[in-house]
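Only one structure is covered here, and it is reproduced in the block below.
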Amino acid sequence: EGMDEDVQQLVERRQKVMGGAYRLFYREPVHLVRGRGARLWDAAGREYIDMYNNVASLGHCHPAVIEAVTAQMSQLNTHTRYLHETVVDYTERLLETFPAAIDRAMYMCTGSEANDLAIRVAQQYTGARGIIVTSEAYHGTSALTSGASPALGSGQPLAPEVRAVPAPDTYREGADAGARFARDVRAAAADLAAHGHGTAALLIDSILSSDGVLPGPRGMLGAAAAEVRAAGGIVIADEVQPGFGRTGDTFWGFERHALDPEIVTLGKPMGNGMPVSGLVARGDVLAAFSDDLPYFNTFGGNPVSMAAASAVLRVLQEERLMEHSARIGGQLLESLSTLADRHELVGDVRGAGLFIGFELVEDRTTKAPARTAALQVIEELRRRGVLTSVAGPYGNVLKLRPPLAFQESDIAPVVAALDDSLRVVEH
Ligand code: PMP
Numbered sequence: 018e019g020m021d022e023d024v025q026q027l028v029e030r031r032q033k034v035m036g037g038a039y040r041l042f043y044r045e046p047v048h049l050v051r052g053r054g055a056r057l058w059d060a061a062g063r064e065y066i067d068m069y070n071n072v073a074s075l076g077h078c079h080p081a082v083i084e085a086v087t088a089q090m091s092q093l094n095t096h097t098r099y100l101h102e103t104v105v106d107y108t109e110r111l112l113e114t115f116p117a118a119i120d121r122a123m124y125m126c127t128g129s130e131a132n133d134l135a136i137r138v139a140q141q142y143t144g145a146r147g148i149i150v151t152s153e154a155y156h157g158t159s160a161l162t163s164g165a166s167p168a169l170g171s172g173q174p175l176a177p178e179v180r181a182v183p184a185p186d187t188y189r190e191g192a193d194a195g196a197r198f199a200r201d202v203r204a205a206a207a208d209l210a211a212h213g214h215g216t217a218a219l220l221i222d223s224i225l226s227s228d229g230v231l232p233g234p235r236g237m238l239g240a241a242a243a244e245v246r247a248a249g250g251i252v253i254a255d256e257v258q259p260g261f262g263r264t265g266d267t268f269w270g271f272e273r274h275a276l277d278p279e280i281v282t283l284g285k286p287m288g289n290g291m292p293v294s295g296l297v298a299r300g301d302v303l304a305a306f307s308d309d310l311p312y313f314n315t316f317g318g319n320p321v322s323m324a325a326a327s328a329v330l331r332v333l334q335e336e337r338l339m340e341h342s343a344r345i346g347g348q349l350l351e352s353l354s355t356l357a358d359r360h361e362l363v364g365d366v367r368g369a370g371l372f373i374g375f376e377l378v379e380d381r382t383t384k385a386p387a388r389t390a391a392l393q394v395i396e397e398l399r400r401r402g403v404l405t406s407v408a409g410p411y412g413n414v415l416k417l418r419p420p421l422a423f424q425e426s427d428i429a430p431v432v433a434a435l436d437d438s439l440r441v442v443e444h
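Numbering-wise (the UniProt record's numbering), the sequence shown opens with residue 18 and increments by one.
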């Protein structure tokens, strides 16, 4: 089967003018033209279930977001050097979702900018430079954040003041994972001290998405947070992936793990696709930065973006989508787990809410990662109208993270497609 001619042409035109840094999913890339809820359609009219996208968190083209953005865009869009009610209203409502100590918020357009500022604030507040991350972490694309993103690979060396520690993985390490992680964080802090950097922060995504989706038992990250504080650092919870109800039983991922962060960064689902991100923090921590330095982000906190963010928060709360994520995510996890009875390739199925890792292994005893099989399964799923991708240090974990518009009736077709795909790949 050759590549669709239109797709081929678009790939070539794109490569010619946009270059190599832009990577595409799939051997035959997907050309999407329309979306609704958890469904997507390509240029040839083929329908897909989106199992990958937590950005369009309420669902693709959610009417409440379209309406809010359209109304505000028709009225005015400006920046935060003028007064505007929407940004203040939204901030008051957003802060209500956090523990009381977290009482300030600032806005940007991307997760990278939020983490970049978080690192600067942590360094300013602690007077130290060192940052500890997990060893497959991705935190952004700026100079500071890409230097703290080992997931980018050997082409992007870590910054001298960054230390990477393997994420706690209870499937491979057993119940000791959280304690082992804490010991490694302590050693990293000692090494940072020995090199004169000191420890400014542990920067961590509590669902450990790019480390392979490792929800772990509740509280797993608490001991590591204590080690960082003992070394004089603070905790930055990167909620770009787990935030806004995604993980089901808590609105923020850090709450599952008792991280008690001083700074929290927000992104992806915040505007349902509008580029909106944020940093929320304890006022005293933020003051160390904001007392000395102004912060102006041309597009950050603009009324149109804030209208989108307001609509997202309202719909999440009114439609109780966190509870939906817990319920449907639990059902999906259970159905996916039954595939382990029929397919030797399935090593582990784990998740929190609608954020599930489905790990493939060549051998259940040695747990040897089945990387090639995982890539084949992704291609087979695409042929069956299910879009997703892989994560983790071995690239063998399917990341299942649909828009929260995913319904109970979507479970059976997804599980059937995965069942078929596994059967094809096994033979
Ligand atoms: N943090 C995490 C955990 C992420 O997954 C990402 C994006 N994949 C980012 C930060 C960076 O966000 P952005 O692409 O919006 O800059």
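We put the beta carbon where it would ideally sit given N, CA and C, even for glycine.
Quick one: Cα of residue 305 to Cα of residue 81, how far? For the purposes of this step, residue 305 is taken as residue 288 along the sequence shown, with counting starting at 1. For the purposes of this step, residue 81 is taken as residue 64 along the sequence shown, with counting starting at 1. Approximately 38 Å, taken between the alpha carbons.
Please go through the same chain and pick out, in chain order, the residues whose beta-carbon is closer than 6 Å to the beta-carbon of residue 161, but skip the five residues on each side of it. One-based indexing of the sequence shown puts residue 161 at position 144. Closer than 6 Å at the Cβ level, and outside the excluded window around residue 161, lie 133 and 136.
Put residue 408 into one of helix, strand or coil per three-state DSSP. Your numbering for residue 408 matches position 391 in the sequence shown. Residue 408 falls in the strand class under three-state DSSP.
Any heavy atom of ligand 1 within a distance shorter than 7 Å of the CB on residue 294? The residue you call residue 294 lines up with position 277 of the sequence shown. For ligand 1, at least one heavy atom lies less than 7 Å from the Cβ of residue 294.
Quick one: Cα of residue 266 to Cα of residue 125, how far? Taking the first residue of the sequence shown as 1, we reach residue 266 at position 249. Taking the first residue of the sequence shown as 1, we reach residue 125 at position 108. Going by the C-alpha atoms only, they are around 27 Å apart.
Could you give the distance in angstroms between the alpha-carbon of residue 21 and the alpha-carbon of residue 71? As a first step, residue 21 must be located in the sequence shown, where it is residue number 4. As a first step, residue 71 must be located in the sequence shown, where it is residue number 54. The alpha-carbon atoms of residue 21 and residue 71 are separated by roughly 28 Å.
Between the CA atoms of residue 231 and residue 69 - distance to the nearest angstrom: Walking along the sequence shown from the start, residue 69 turns up at place 52. Walking along the sequence shown from the start, residue 231 turns up at place 214. When only Cα atoms are considered, residue 69 and residue 231 end up about 16 Å apart.
So what's residue 33 in DSSP terms, helix, strand or just coil? Locating residue 33 in the sequence shown gives position 16, where the first residue counts as 1. Three-state result, residue 33: helix.
Residue 515: CB within 7 Å of a non-hydrogen atom of ligand 1: For residue 515 there is no data in the structure shown, the boundaries of the chain being 18 and 444.
Per DSSP, what are the beta-bridge partners of residue 365 in this structure? As a working mapping, residue 365 is identified with position 348 in the sequence shown. According to the DSSP secondary-structure assignment, residue 365 is paired through a beta bridge with 376.
Using DSSP with H/G/I as helix, E/B as strand and the rest coil, what is residue 323? In the sequence shown, residue 323 corresponds to position 306, counting from 1. In the three-state reduction of the DSSP assignment, residue 323 falls in the helix class.
Should residue 285 be listed as close to ligand 3, given that the test is whether its C-beta is under 7 Å from any heavy atom? This structure does not include ligand 3; its bound ligands are ligand 1.
With 16 other Cβ atoms within 10 Å as the buried cut-off, status of residue 180: For the purposes of this step, residue 180 is taken as the residue at position 163 of the sequence shown. Under this definition residue 180 is a buried residue.
Are the beta-carbon atoms of residue 163 and residue 184 separated by less than 8 Å? As a first step, residue 163 is located in the sequence shown; it is residue number 146 there, counting from the start. As a first step, residue 184 is located in the sequence shown; it is residue number 167 there, counting from the start. It is not a contact, given that the beta carbons lie outside the stated cut-off.
Chain-order list of residues whose beta-carbon lies under 6 Å from that of residue 338 (same chain, five-residue window excluded): In the sequence shown, counting from the first residue as 1, residue 338 sits at position 321. Here the set comprises 262 and 421.
By the three-class DSSP mapping on this structure, what secondary structure does residue 293 have? Locating residue 293 in the sequence shown gives position 276, where the first residue counts as 1. Assigned with DSSP and collapsed to three states, residue 293 falls in coil, not helix or strand.
Counting Cβ pairs closer than 8 Å, one from the segment 405-415 and one from the segment 323-332, do we hit at least three? no
Ordered along the chain, which non-local residues of its own chain (more than five positions away) have a Cβ less than 7 Å from that of residue 205? Locating residue 205 in the sequence shown gives position 188, counting from the first residue. Correct list, in chain order: 149, 180 and 182.
Could you give the C-beta distance for residue 368 and residue 346, rounded to a whole number, given that I count them as a contact under 8 Å? As a working mapping, residue 368 is identified with position 351 in the sequence shown. As a working mapping, residue 346 is identified with position 329 in the sequence shown. The pair is a contact, with the Cβ atoms about 6 Å apart (cut-off 8 Å).
Could you give the DSSP three-state label for residue 84: helix, strand or coil? For this step, residue 84 is matched to residue 67 along the sequence shown. Correct three-state label for residue 84: helix.
Going by DSSP, what residues sit across from residue 64 in a beta bridge? Within the sequence shown, residue 64 is the residue found at index 47, counting from 1. Bridge partners of residue 64: 58.
Taking 6 Å as the limit between beta carbons, can you name the residues of its chain near residue 251, skipping five residues before and five after? Looking up residue 251 in the sequence shown gives position 234. Leaving aside the five residues that flank residue 251 on each side, the residues in its chain whose CB is nearer than 6 Å to its CB run, in chain order, 139, 218 and 279.
Extent of the continuous beta strand (DSSP E) run through residue 124: Walking along the sequence shown from the start, residue 124 turns up at place 107. It spans 119-125 - the beta strand (DSSP E) in which residue 124 sits, taken as one unbroken run.
Quick one, which of 323, 292, 314 and 234 has its alpha-carbon nearest residue 271's? For this step, residue 271 is matched to residue 254 along the sequence shown. That would be 234, whose Cα lies nearest to the Cα of residue 271.
Can residue 114 be considered in contact with ligand 1, in the sense that its beta carbon sits closer than 7 Å to one or more heavy atoms? For this step, residue 114 is matched to residue 97 along the sequence shown. No, Cβ of residue 114 sits at least 7 Å from all heavy atoms of ligand 1.
Which residues in the same chain have their Cβ closer than 6 Å to the Cβ of residue 335, if we skip the five residues on either side of it in sequence? Mapped onto the sequence shown, residue 335 falls at position 318. Contacts found: none.
Identify which residue in 169, 275 and 442 has its Cα closest to the Cα of residue 360. Looking up residue 360 in the sequence shown gives position 343. Of the listed residues, the one whose Cα sits closest to residue 360 is 442.
Are three or more beta carbon pairs between the segment 238-251 and the segment 140-147 nearer than 8 Å? yes
Just the C-alpha distance for residue 258 and residue 96, rounded to the nearest angstrom, thanks. Walking along the sequence shown from the start, residue 258 turns up at place 241. Walking along the sequence shown from the start, residue 96 turns up at place 79. The alpha-carbon atoms of residue 258 and residue 96 are separated by roughly 27 Å.
Measure the Cβ-Cβ separation of residue 302 and residue 281 and say whether it is below 8 Å. Along the sequence shown, read from residue 1 onward, the residue named residue 302 stands at position 285. Along the sequence shown, read from residue 1 onward, the residue named residue 281 stands at position 264. Contact: no.
Hey, would you say residue 187 sits closer than 8 Å to residue 224, going by beta carbons? Indexing the sequence shown from 1 puts residue 187 at position 170. Indexing the sequence shown from 1 puts residue 224 at position 207. Not closer than 8 Å, so no.
Residue from 406, 46 and 291 whose Cα sits closest to the Cα of residue 84: Looking up residue 84 in the sequence shown gives position 67. Out of 406, 46 and 291, 291 has the C-alpha closest to the C-alpha of residue 84.
Just to check, is the beta-carbon of residue 409 closer than 7 Å to a non-hydrogen atom of ligand 1? If you number the sequence shown from 1, residue 409 lands on position 392. The answer is no for residue 409.
Exposed unless 16 or more other CB atoms sit within 10 angstroms - verdict on residue 33: Working through the sequence shown from its first residue, we reach residue 33 at position 16. That one is exposed.
Look up residue 253 in the DSSP assignment and give the residues it is bridged to. Sequence index remark: in the sequence shown, residue 253 carries index 236 (1-based). Per DSSP, 220 and 280.
CA nearest to the CA of residue 343, picked from 418, 108 and 78: The sequence position of residue 343 within the sequence shown is 326, counting from 1. Among 418, 108 and 78, the Cα nearest to that of residue 343 belongs to 418.
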